[in-house]
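Trainee:
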Amino acid sequence: MPPLQFWKPGAAAPGSSLDRESEAEGSLLPVAAAKNAHLSIDAQRQRLPIYKHREKLLWCVEKYKVVIVVGQTGCGKSTQIPQYLHEAGWTSQNHVVACTQPRRVAATSVATRVAEEVGSVLGDEVGYTIRFEDLSSPTRTKIKYMTDGMLFRETMMDPLLSKYSVIMIDEAHERGAYTDLLLGLVKKIMRKRPELRVIISSATIDAEDFLEYFNTNADGTDRAQDDAVIVSLEGRMFPVEVCYLKEPCADYAEAAVQTVFDIHMKEPPGDVLVFLTGREEIDQVIQQVSDRLQSLPSAAPKLLPLPLYATLPPEEQELIFDPPPRDTRKVIFSTNIAEASVTIDGIKYVVDCGFVKLKTFNPRTCMDVLTITPCSLASANQRAGRAGRTSAGKCFRLYPSSILPTHNPRSPMPITTPPELVRSDISLYLLQLKALGIDNVAKFDFMSPPPSEMMIRALEFLYCLKAIDDEGRLTRPMGERMAEVPLDPMMAAILLNSHAFRCGEEILTIAAMTSVQNVFITAEGGTKATMAELERRKFTAEEGDHLTLLNAYNAFARYGTKDKQWCGNHRINFKAVSRAASIRKQLKKYLDRFEIPVVSCEGDAVRLRKCLVSGYFKNAARMLPDGTYRSAREGAILHVHPSSVMFTRQPSTGWVIYHEVIETTKSFMRDLTVVDEDWLVELAPHFYTFKGGGLKKHL
DNA sequence: GAGCACTGC
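Take the first sequence: its position 427, counted from the start at 1, is 526 in this note's numbering, and no numbers get skipped.
#1: At the level of alpha carbons, what is the spacing between Q664 and D279?
#2: Would C342 pass as a contact of K493 if the rule is Cβ separation under 8 Å?
#3: How far does the alpha helix (DSSP H) with I593 in it extend, from its first residue to its last?
#4: Check whether the stretch 318–329 touches the stretch 410–423, counting contact only when three or more Cβ pairs, one atom from each stretch, lie closer than 8 Å.
#5: Between L690 and the rest of its own chain, which residues show a CB-CB distance below 6 Å, the 5 nearest in sequence each way excluded?
#6: How would you write the range of the beta strand (DSSP E) that M512 sits in, first residue to last?
#7: So which of K291, A210, Y277 has the shortest CA-CA distance to L527?
#8: Leaving aside the five residues before and after I471 along the sequence, list all residues of the same chain whose C-beta is less than 6 Å from its C-beta, in chain order.
#9: According to the Cβ coordinates, are T608 and Y658 closer than 8 Å?
#10: Residues in the same chain with beta-carbon distance under 7 Å from K709, minus the five sequence neighbours each way, listed in chain order, please.
#11: By alpha-carbon positions, which one of I362, S219, Q387, G248 ends up nearest to T199?
#12: Determine whether the beta carbon atoms of I180 and M267 lie at a separation below 8 Å.
#13: Do you know offhand how far L520's Cα is from A142's?
#14: Less than 8 Å between the C-beta atoms of G487 and P338, yes or no?
#15: Between A704 and L646, which are expected to be in contact by the criterion C-beta below 8 Å, what is the C-beta distance as a whole number of angstroms?
#16: Nearest to G413 by alpha carbon, out of I695, K674, M581?
#17: Out of K287, S236, E701, K241, which one is the CA nearest neighbour of G188?
#18: Enumerated in chain order, which unbroken segments of the beta strand (DSSP E) with a length of 3 residues or greater are wholly contained in the stretch 394–437?
#19: With a threshold of 8 Å on Cβ separation, who are the neighbours of T752 within its own chain once the five nearest residues in sequence on each side are excluded?
#20: Pick out whichever of L497, S191, R290, M553 has its Cα sitting closest to the Cα of A354.
#21: Looking at E605 and L707, is the spacing between their C-beta atoms short of 8 Å?
#22: Near P368, what residues of its chain come up, given a Cβ to Cβ distance below 7 Å and the 5 sequence neighbours on each side ignored?
#23: Could you check whether K717 and R729 sit closer than 8 Å to each other, using their CB atoms as the reference points?
#24: Can you determine whether any heavy atom of the ligand FMN sits closer than 7 Å to the C-beta of A610, and answer yes or no?
#25: Do you know whose CA, among K661, I736, Y715, lies nearest D725's CA?
#26: For I229, I'd like the list of residues in its chain whose CB is within less than 8 Å of its CB, leaving aside the five on either flank, ordered along the chain.
#27: If you count every other CB in all the chains shown that lies within 10 Å of the CB of I525, and 16 or more means buried, which is it?
#28: Taking just the CA atoms, how far does R292 sit from R144?
#29: Tell me the start and end of each unbroken alpha helix (DSSP H) in the stretch 636–720 that is at least 4 residues and wholly inside, in chain order.
#30: Would you give the residue range spanned by the beta strand (DSSP E) that V455 belongs to?
#31: Please confirm if the stretch 292–305 is in contact with the stretch 546–559, defined as three or more CB-CB distances below 8 Å between the two stretches.
#32: Does DSSP put D247 in a helix, in a strand, or in coil?
#33: Are at least three pairs of beta-carbons, each pair with one atom in the stretch 528–544 and one in the stretch 576–585, less than 8 Å apart?
#34: Specify, as a first and last residue, the run of the beta strand (DSSP E) that V165 falls within.
#35: Could you tell me if G68 is buried or exposed, where buried requires 16 or more neighbouring beta carbons within 10 angstroms of its beta carbon?
#36: Can you give the Cα-Cα distance for R683 and K345, rounded to whole angstroms?
Below is the structure:
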């Protein structure tokens, strides 16, 4: 295959804002950590590029209610801005500065760093709050890092978030569901608390969107009336040269392999990060790379290909951080996990296929669709930036520059990724908003309002679960409690119904186990996969996946809580099930507080399965003679997901309920339990009746 | 007979 032709933009590259940003920072050289080692913490802090903007930032926070801060990763905004505010007195009179993060690791690691810089014991002056871990003091903590979901939850206790003087929403451009909910809430709170200050940290690309959303000076003729402002910070990134393919390629996986070998043969030493879309694709590409390595002369420079994706066992994930053997180039083939969640130092080259796997809820079919779609320009810029963390780098985009949305108004590439709230089932979020007293959710000031069809679907769901009444008001105590427990509405209903079926012990376990992913370890392909499957059979329940999860948890509780070896032998993911144990404990506390007695069903699986039907009833399907299923709700053809124990079985009653459907190549049901047709009518008469000998869904 | 990107309470 001839080498692929890349186009190298000149100094004045058209298009991508990334190119412009890199140019602007071309003269800015970061200070090596080693060189700084002798400096005091204060001196180190003053050397950060952001320090030059300290006074301006503080002035803006005084003058404007909302400050939108734009700066690349590594410029120190998450660690420094809360400290500047603390030093400037924003934490006096028992006030707290909050800084939210979209991920748990970010909240804990940034808090740890800042505690060191401030000279505080973690949990004292500087603390963090994430689920299951509260290292903060209600009286002494002045700077509090937390996940956005946690701050959202705090609004249930304190609707005005009155203890906070400044709330900084970090990584807002990622537009996670709780980030968007917080944006709306904070905007609402500001009307009642004019003294509250909000800082939004975002990427350059959407800063204007945030400004427009927050600025109440709508006509904009007199800028002096603005109450929101954008502040640009210099980053500490190195320049990244971006190259494009001259022509579109037919197969990006093939192009990725070719590009990796071109880099390997022609470019100076440095590790490579390749962005692809999924596990299967990554395993295949690595196989191709390994095959081609065989044909290379033995004297050729060495190359070490490594996979990276979320379901990779932890010990294999660790390998990407190890330095490669001498004279070997490390090449990491990764999913989107390396875009923001996992940071690898020493990457000099990025290869970007330009695609991402994205989950989108279809309200018409009530299914999640998982599709490979062009990534946004914002994503592409973030990916490219991964090449410039420790030295100047180079990014190879496996598409022509002509498809960029900045060049082509009809580009398939969006400028930003659609926010999570507009492509999810929002019933949980609407329920939580109602719990905050926002009854008319359609009037809530979403930065990007979810499509009305999604709203209607979600409200219908909540009504048939009895969480809201026919006027859309939260029911008491059912709806109120459902909003409070950290579960999706269906499972919340099941848990709260469990006392009626006398099976709380078991439902607690099932709710916890369905809340974590990848309970069972499945190795890729061949005999290993069969082995994992065989091990799982030990826990297999004929009644389906929920009872299988229950069996696995009970075995773990008896033998595996402290025994990683036992878990490995039984192909159980130790971390996942340990987390399920924490979740179970937390859920139990909620039931205790609601004074819902928790008893065991003593092996009576019928009670247990009926209880599951009391929440899952709308997700019912009947098996057809050809082995596929037809959904009771929409009459859609469904398939059993290969990870289900029902993949190799047939339901004795002909009926199943399921947790969710994901559409990939087909529509797959996940987490199934065998049920009786009669139970559907018995437990959800408002949803189903018998007509002419068959089950009919009410319209 | 065939497979899930990633977060969060």
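Glycine residues also receive a C-beta, built at the ideal position from the N, C-alpha and C atoms.
Mentor: Walking through what the data contain:
#1: In the first sequence, the residue the question calls residue 664 occupies position 565. In the first sequence, the residue the question calls residue 279 occupies position 180. Rounded to whole angstroms, Q664 to D279 spans 42 Å at the Cα level.
#2: Against the first sequence, residue 342 aligns to sequence position 243. Against the first sequence, residue 493 aligns to sequence position 394. It is a contact, given that the beta carbons lie within the stated cut-off.
#3: Numbered from its first residue, the first sequence carries residue 593 at position 494. That run of the alpha helix (DSSP H) goes 588–596.
#4: no
#5: For the purposes of this step, residue 690 is identified with residue 591 of the first sequence, where counting begins at 1. Excluding sequence neighbours, L690 sits near V697.
#6: The residue you call residue 512 lines up with position 413 of the first sequence. Taken as a continuous stretch (DSSP letters only), M512 belongs to no beta strand (DSSP E), as it is neither H nor E.
#7: Reading the first sequence from its first residue, position 428 is the one you call residue 527. Closest option to L527, Cα to Cα, is Y277.
#8: In the first sequence, residue 471 corresponds to position 372, counting from 1. Contacts found: T376, F454, K456.
#9: Position 509 of the first sequence, counted from the start, is the residue given in the question as residue 608. Position 559 of the first sequence, counted from the start, is the residue given in the question as residue 658. Result no, Cβ atoms of T608 and Y658 do not sit closer than 8 Å.
#10: Reading the first sequence from its first residue, position 610 is the one you call residue 709. Contacts found: F600, W778, L782.
#11: Translated into the one-based positions of the first sequence, residue 199 becomes position 100. Checking every option, the nearest Cα to that of T199 belongs to G248.
#12: Here the question's residue 180 lines up with position 81 in the first sequence. Here the question's residue 267 lines up with position 168 in the first sequence. Taking 8 Å as the Cβ cut-off, I180 and M267 qualify as a contacting pair.
#13: The residue you call residue 520 lines up with position 421 of the first sequence. The residue you call residue 142 lines up with position 43 of the first sequence. Going by the C-alpha atoms only, they are around 42 Å apart.
#14: Along the first sequence, one-based indexing puts residue 487 at 388. Along the first sequence, one-based indexing puts residue 338 at 239. Taking 8 Å as the Cβ cut-off, G487 and P338 qualify as a contacting pair.
#15: The residue given as residue 704 occupies position 605 in the first sequence. The residue given as residue 646 occupies position 547 in the first sequence. About 6 Å; that satisfies the 8 Å criterion.
#16: Sequence index remark: in the first sequence, residue 413 carries index 314 (1-based). The amino acid at residue 413 is misidentified as Gly; the sequence shows Pro. It is K674.
#17: Taking the first sequence and counting its residues from 1, the one referred to as residue 188 is at position 89. Checked all of K287, S236, E701, K241; the closest Cα to G188 is K241.
#18: 401–407, 427–433
#19: In the first sequence, residue 752 corresponds to position 653, counting from 1. Once the five neighbours on either side are set aside, the close Cβ partners of T752 are V773, V774, D775, E776.
#20: Along the first sequence, read from residue 1 onward, the residue named residue 354 stands at position 255. Nearest C-alpha to A354: L497.
#21: Counting from one through the first sequence, the residue named residue 707 turns up at place 608. Counting from one through the first sequence, the residue named residue 605 turns up at place 506. Yes, the Cβ-Cβ distance between L707 and E605 is below 8 Å.
#22: If you number the first sequence from 1, residue 368 lands on position 269. Cβ within range, chain order: R428.
#23: Residue mapping note: residue 729 aligns to position 630 of the first sequence, counting from 1. Residue mapping note: residue 717 aligns to position 618 of the first sequence, counting from 1. Going by C-beta atoms, R729 is not nearer than 8 Å to K717.
#24: Judged by which ligands are present, the structure shown has none, so any question about the ligand FMN falls away.
#25: Position 626 of the first sequence, counting from 1, holds the residue named residue 725. D725 has its Cα closest to that of I736, out of K661, I736, Y715.
#26: Here residue 229 is taken as the residue at index 130 of the first sequence, counted from 1. For I229, where only same-chain residues beyond five positions count, the Cβ hits under 8 Å are R203, A206, T207, M245, T246, M249.
#27: As a working note, residue 525 is residue 426 in the first sequence. I525 is buried by the Cβ-count criterion.
#28: Position 45 of the first sequence, counting from 1, holds the residue named residue 144. Position 193 of the first sequence, counting from 1, holds the residue named residue 292. Roughly 32 Å separates the two Cα atoms.
#29: 644–654, 663–668, 673–692, 704–715
#30: Here residue 455 refers to the residue found at position 356 when the first sequence is read from its first residue. Counting along the chain, the beta strand (DSSP E) containing V455 begins and ends at 454–461.
#31: no
#32: Within the first sequence, numbered from 1, the residue matching residue 247 stands at position 148. The answer is helix: DSSP assigns D247 an H, G or I state.
#33: yes
#34: Taking the first residue of the first sequence as 1, we reach residue 165 at position 66. Counting along the chain, the beta strand (DSSP E) containing V165 begins and ends at 165–169.
#35: With the chain running from 100 to 798 in the structure shown, residue 68 is simply not present.
#36: Here the question's residue 683 lines up with position 584 in the first sequence. Here the question's residue 345 lines up with position 246 in the first sequence. Answer to the nearest angstrom: the Cα atoms are 54 Å apart.
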